[in-house]
Structure formats: structure tokens, C-alpha cells
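Trainee: Dumping the structure here so I can ask a few things about it.
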Amino acid sequence: MEKTTVTVIRGDGIGPEVVDAAVRLVEATGAPVVWEEAAAGASMFRAGITSGVPQETIDSIARTRVALKGPLETPVGHGGKSANVTLRKLFETYANIRPVRELPGVPTPFSGRGIDLVVIRENVEDLYAGIEHMQTADVAQCLKLISRPGCERIARTAFEYARAEGRGTVTCATKANIMKLTEGMLKRVVEEVSADYPEIRARHLIVDDCAHQLVRRPEQFDVLVTTNMNGDILSDLASGLVGGLGFAPSANLGDDVAIFEAVHGSAPAIAGQGTANPTAMMLTAVLLLRHLGHADAATDIEQAIAATLEAGVTTPDVDGPGGVGTREYTDAVIARLGQRSATWESRPHRPLRLPAADTLRPADRSVYRSDGGVDVFIESRLAPAELGPILEGLVAGTPLALKMISNRGTQVWPAAAGAGTYCVDHFRCRFVLRDDAALLADGMVYDLLRRVGSRFRWMHVEKLAELDGTPAYSRAQGEN
Ligand code: NAI
């Protein structure tokens, strides 16, 4: 059989120890895989590569289209961006798949409940796009960009994953009650897409209740689909239910490239001691082998891990007495290849079909779009009662009238929505066309900015669009 080349990045901290364990185990199954070594992370940052990912590594992944990757340290508080995020974004691996399943011989407060769920986290959008701007010296902003195609492909991935594993329910977790346009987009798209999967039950939970339910009754969950930051937090929480990060594998999937990595980081406190738990990386290798179509080798590894844990062989991070080192544990798993667990069955898997990019349905472009005004964000230390009349005076006689001013989303002028809104030096000033029948022209916006800018520093502007007459922007708290 022809061998598949897989890029392997050993990574930082405990990375080389746990990746070595996974590589040895895959080799012991006889799966037709060869490794192409590539570097990324701390040593590359030290060598002056600001992304932490050298071009040779990018070229290797672009060629092999599949990578097994150890954890990479991110410089905190200085220097470049996370090398992990760079890899995810460079290769547009939009789906982060994080299975969470109770294992035998790993005692937790939830043992015996049969936890078996998979978190499907959108991996490239949301706040993790990292688009940040200081608005004033006191106010920071991070843009939360959520796209319809981004939602559709993660929604379809969730339903396809449910199909591939014969799972019956997809739960979508969002904060759509507060962020109706961004988080609400995922909720709406999941509802639409669910019509194409009639055999799968779809439901929605508000993400905070989802966190609560995950701890109260985790066994109710099957497939959980969510936005990037929610998924980051919920999946770490979920891994804690089944024994912690030492048991949490993940796959980053895109149209062209798949990058497999454990959920955990480089665990610097235990690096180099030979005590790290390699199970997360071994289970990551299981996902890799399934992706490559080597289902039997994948099941062999999964079953050997279960049989090893059942026999009471564990690393020191597992609650309970004793614990063996990384190498001894790995040897024990390799020795059990071919054995089957007495209590733990592997799930049946069919190949996962990711949605083809050209099948994603764009939004309905026939919707009539018009702009009825503009929000101008300005810096000021004036009180709202002073600010309002000054801005009104600046736009007197123009097509745009000041409708309201808000501070961090709460209306503070003309009437204050709350008695005690604490005003920072960052105001949103909403200007609307005086004549309902008029159309907003860019020239009006330029003139408005000239006028406002003559007195105040402005830092950004948002047009107030309406789609078929429905406002496509949020109202301020207290705004009519
Ligand atoms: P971490 O996951 O490295 O460690 C969190 C805790 O879990 C520590 O107590 C650690 O000892 C323990 N732990 C993690 N994996 C373990 C294993 N396999 N066996 C036994 N114990 C294990 O998270 P932390 O400390 O927040 O991050 C350390 C570094 O890793 C940072 O530089 C961070 O940026 C990076 N990181 C990289 C990730 C990646 O490459 N995908 C993911 C998360 C963090």
C-alpha cells in the first residue's frame, strides 16, 4: 500500500515527549504513514521568525495537507501572534473537532455517566480573528466578525459529523439573546441547515445554560456546535469532565488541510520530566488515522488505550495512587495493540463529508438594502447633557439629525436610559436622515465627519443599514 506523508511538528514543552509516544504507537500499528519533520513554536520565535512558523513548515503542510502537531508556546505580552492561530488561519482549518468521551480506569466525579460528546468549534472567525483597536486611552475594542458562509460550513460540519458517527442530536450553543446579529447568525443558520438532516434532532441552548447543563447532566450531549470563543471555553470544560487535558484530542479541519493536535498546551511545569500523559496525543493520532482512511489502525489504538487504562496503568495526572512515566505508559499501550477492552466499545465511523465551499448558500441579495443614518464614535470627556446640544449645533441645517448618544451601548442622551450610567470617554453618536424618504449619500457622511471632527476626535463610523425596512444594526439600551 502506498504510504501517506504526514508533516509532524514536535512542538514545545511536553510536545516532543507526547508526539514521540503517538508516532511510536502509529508506527507499531503498521499503518502506512511516513513522517516529514517540520519545526514551529518557541525555537522559531527565538530564531527571529515573528510568526513562529517558518516557510519550510508552511510548504511541508501545503504539500502533505495533513499534520500531526505538538503544542506550541505563545509569547505572552510581547512579540508576534500565536503560531497555533497562524497555522489555523493560514490553512483555513475552519472546523475544530474535539471529542470528549469517558474512558475506563480514569476516575472522575462523573464516572459511570457515559459522557460521549463532541464539541465542534468554529475555528477561524469570531473574536479570535484578533482585530483589535484602542478607541481611546480608556477604551479597547475587539471586532466580533461572524459570517454566514462561516456559520453554514460549521453547521453542516456538525450535522455531517453526527451522520458519520450515527449521533442523534446537534445542540447549538450561542449567546443569541444578547448578540442577535452575530451569535444569532449561527443559531439561525443551524436552524436552516437542520432541515437537510431530518433524522437528526436540532436544538439550541443559550451558552451559559449550556455550561451549566454540561456540568449538571453532561450525558445529555451528543454533538455541540458553537462559535470560536464559546467553543474554546466549553471544550476545555468538557475535557475536565472526563479526566482533563491529558485525555482531550482535537482535529482542525479545512477544505484542503487537516491539522491534528491535542487540546492541551506545552505544560512547561512538567516538561522534560517524562511524566506527561500522552493519551490526548494518542487519541489525536486516532483522529488522524481515521481521516486518512486507516480505520482499523485507529480502532486498534483506541482499544489498546482503553485496555491499558482498564488494567490500571495510568500517568500521574490521573487521580489515584501511583502512575507510570510517559515512556512506560506508551510501552504498555503498544504491548496491548490487538487487544480489545472488556467494557469500552469504539464508535462506528463513516467518513466525514465536509461541505464543499461552492455549495454554501449566500445570503439573499434581492433584499432591498438602504442606509438610514450613521453612527459616529467619538472621544469626549463632556457630560452627555453638554455633548448633545453641541453636536446638534454642528449638524444644524444638514440632512442628518442627532437621534441619540450612547455610552457603552446605553442611551445617555436625549434621555438617560438608566439613572447611573458611568460614562467613559467614548460615545456613539447616532445620526439619522431628517427626511425618511431621502437616501444617505457618502457626501453627507463626509460632511458630517468634517463637522463632528471640527470639535471632537472620531475613531470610527458605521452606516445604519436597513434590509427590506428592518434595521440591520442593534439599538442602544433604552433607545426607541
Ligand atoms: P497547558 O495545557 O499547557 O497546561 C494546563 C495544565 O494542564 C497544567 O497544569 C499542565 O501541567 C496540565 N497538562 C496539560 N497537558 C498535560 C498532559 N498531557 N499531561 C499531564 N498534564 C497536562 O496550558 P497553559 O499552561 O495555559 O499553556 C502553556 C503554554 O502552552 C502556553 O504558552 C500556551 O500558549 C500554550 N498552548 C498551546 C496550545 C496549542 O499548541 N494548541 C494550546 C494551549 C496552550
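Add 1077 to the 1-based position in the sequence shown for the numbering used here, that's all there is to it. C-beta: ideal position from N, C-alpha, C; glycine also.
With DSSP as the reference, label GLU1229 as helix, strand or coil.
Mentor: If DSSP states are grouped into helix, strand and coil, GLU1229 belongs with the helices.
Trainee: Under 7 Å from any heavy atom of ligand 1, does the C-beta of SER1343 make it?
Mentor: Yes - ligand 1 has a heavy atom lying nearer than 7 Å to the Cβ of SER1343.
Trainee: Going by CA-CA distance only, name the one from ALA1108, MET1262 and VAL1395 that's closest to GLY1227.
Mentor: Of the candidates ALA1108, MET1262 and VAL1395, the one whose C-alpha sits nearest the C-alpha of GLY1227 is MET1262.
Trainee: Considering only residues of the same chain and omitting the five flanking positions on each side of VAL1143, which have a CB-CB separation below 6 Å?
Mentor: Only VAL1083 and ALA1335 meet the Cβ criterion.
Trainee: Taking 8 Å as the threshold (C-beta atoms), are HIS1341 and LEU1314 in contact?
Mentor: It is not a contact, given that the beta carbons lie outside the stated cut-off.
Trainee: ARG1294 to ALA1388, Cα distance in whole Å?
Mentor: Straight-line Cα distance between these residues: approximately 28 Å.
Trainee: Pull up the distance between the alpha-carbon of LYS1146 and that of GLU1114, whole angstroms please.
Mentor: Cα to Cα, LYS1146 sits roughly 10 Å from GLU1114.
Trainee: Pull up the distance between the alpha-carbon of LEU1477 and that of ALA1549, whole angstroms please.
Mentor: Rounded to whole angstroms, LEU1477 to ALA1549 spans 19 Å at the Cα level.
Trainee: Should ILE1091 be counted as a contact of ligand 1 given a C-beta to heavy atom distance under 7 Å?
Mentor: Within the cutoff, so yes.
Trainee: Out of HIS1426, ARG1427, THR1385 and GLY1449, which has the shortest C-alpha to C-alpha gap to ALA1419?
Mentor: Taking only the C-alpha atoms, the option nearest ALA1419 is THR1385.
Trainee: So is the beta-carbon of GLU1405 under 7 Å away from any non-hydrogen atom of ligand 1?
Mentor: Not so, every heavy atom of ligand 1 lies at least 7 Å from the Cβ.
Trainee: CA-CA distance, VAL1266 and THR1391?
Mentor: If you take the alpha carbons of VAL1266 and THR1391, they lie about 43 Å apart.
Trainee: Using CA atoms only, rank isn't needed, just tell me which of LEU1510, GLY1530, SER1443 and SER1531 is closest to MET1521.
Mentor: The shortest Cα separation from MET1521 among LEU1510, GLY1530, SER1443 and SER1531 belongs to LEU1510.
Trainee: When DSSP labels each residue in this structure, what does ARG1505 get in the three-state scheme?
Mentor: Three-state result, ARG1505: strand.
Trainee: Taking the alpha-carbon positions, what's the PHE1454 to GLY1207 distance?
Mentor: Rounded to the nearest angstrom, the two C-alpha atoms are 20 Å apart.
Trainee: Got a sec, what are the start and stop residues for the alpha helix (DSSP H) ALA1384 sits in?
Mentor: That run of the alpha helix (DSSP H) goes 1372–1387.
Trainee: Report yes or no: do the stretch 1236–1243 and the stretch 1411–1428 share at least 3 C-beta pairs separated by less than 8 Å?
Mentor: Yes: at least three Cβ pairs fall under 8 Å.
Trainee: Report yes if the C-beta of THR1151 is less than 7 Å from at least one heavy atom of ligand 1; otherwise report no.
Mentor: THR1151 Cβ: within cutoff of ligand 1.
Trainee: DSSP beta-bridge partners for SER1271?
Mentor: Its beta-bridge partners do not exist; DSSP assigns none.
Trainee: Run the proximity test for ASN1019: is its beta-carbon closer than 7 Å to any non-hydrogen atom belonging to ligand 1?
Mentor: This structure leaves residue 1019 out entirely; the chain is present only between 1078 and 1557.
Trainee: DSSP beta-bridge partners for HIS1537?
Mentor: PHE1454, per the DSSP bridge assignment.
Trainee: So what does DSSP say about GLU1169, is it helix, strand or coil?
Mentor: It is coil, neither helix nor strand.
Trainee: For PHE1337, which three-state DSSP category applies?
Mentor: Here PHE1337 sits in strand by DSSP.
Trainee: Does DSSP classify ILE1138 as helix, strand or coil?
Mentor: ILE1138: helix per DSSP, three-state reduction.
Trainee: Just to check, is the beta-carbon of PRO1425 closer than 7 Å to a non-hydrogen atom of ligand 1?
Mentor: Every heavy atom of ligand 1 is 7 Å or more from the Cβ of PRO1425, so no.
Trainee: Assuming contact is defined by CB atoms lying nearer than 8 Å, are VAL1395 and LEU1544 in contact in what I supplied?
Mentor: No, the Cβ-Cβ distance between VAL1395 and LEU1544 is not below 8 Å.
Trainee: Take PRO1172 as the anchor and find which of SER1159, ASN1200, LYS1158 and ILE1192 has the nearest alpha-carbon.
Mentor: Strictly speaking, residue 1172 in this sequence is Ala, with Pro absent from that position. Selected option, being the one with the closest Cα: ASN1200.
Trainee: What are the boundary residues of the alpha helix (DSSP H) that includes LEU1365?
Mentor: That run of the alpha helix (DSSP H) goes 1356–1368.
Trainee: For ILE1411, is the beta carbon positioned less than 7 Å from some heavy atom of ligand 1?
Mentor: Because no heavy atom of ligand 1 lies under 7 Å away, the Cβ of ILE1411 does not count as near it: no.
Trainee: Using three-state DSSP, classify ALA1478 as helix, strand or coil.
Mentor: Strand at ALA1478.
Trainee: Going by beta carbon distance, what residues of the same chain come within less than 6 Å of LYS1166, once the five residues before and after it are set aside?
Mentor: Excluding sequence neighbours, LYS1166 sits near VAL1201.
Trainee: Which residues share a DSSP beta bridge with ILE1174?
Mentor: In the DSSP output, where bridge partners are listed per residue, ILE1174 has ILE1197 and ALA1328.
Trainee: Does the beta-carbon of VAL1095, which I'm using as the reference point, lie nearer than 7 Å to any heavy atom of ligand 1?
Mentor: VAL1095 Cβ: within cutoff of ligand 1.
Trainee: Reducing DSSP to helix, strand and coil, say where MET1211 ends up.
Mentor: Strand, per DSSP.
Trainee: Between GLY1147 and chain C, is any beta-carbon pair separated by less than 8 Å?
Mentor: Chain labels in this structure do not include chain C; a single protein chain is all it has.
Trainee: Quick one, are the C-beta atoms of VAL1103 and LEU1366 less than 8 Å apart?
Mentor: It is a contact, given that the beta carbons lie within the stated cut-off.
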